[in-house]
Amino acid sequence: MKITSGKGRDPRGWIISVAYMVIVDEKYIKPRANGDALYANWANVDSIEKDDMAFDYFEILQYALNL
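Following this note's numbering, the numbering of the sequence shown begins with 62 at its first residue and continues without gaps.
Printed below as a string of structure tokens:
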């Protein structure tokens with residue numbers, strides 16, 4: 062688990078993020094889109110680039126992948 066906090070991570074204000082990583086079989090778990098995640102879907106983490114994610118979320122993803 063990675064917990065990160067700090068001023069300037071998000072222009073909307075001071076943000077605390079808690080990230081959890083799990084391994085699931087995509088045949089049994091389907092993303093459910095709603096609100097600002099209207100187009101939620103699975104993505105291959107190897108295809109995600111820094112500009113694909115907001116704020117410092119790419120750094121959090123990289124941390125999880127390097128565990």
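Glycine included, every Cβ here is placed at the ideal spot set by N, Cα and C.
Based on Cα-Cα distance, which residue from the options lies nearest to residue i?
| i | options | result |
| --- | --- | --- |
| ILE84 | GLU120, ASN105, ALA115 | ASN105 |
| ILE77 | LEU128, TYR118, TYR124 | TYR118 |
| ASP71 | PHE116, GLU120, ILE90 | PHE116 |
Quick test of your reading: residue i and residue j, contact by CB under 8 Å. State the CB separation rounded to the nearest angstrom.
| i | j | result |
| --- | --- | --- |
| LEU122 | MET114 | 7 Å |
| ARG93 | ALA101 | 7 Å |
How about residue i and residue j: do their beta carbons lie closer than 8 Å?
| i | j | result |
| --- | --- | --- |
| TRP103 | GLU120 | no |
Check: Curious, which full-length alpha helix (DSSP H) runs of at least 4 residues does the segment 83-126 contain?
Finding: Listed in chain order, they are 118-126.
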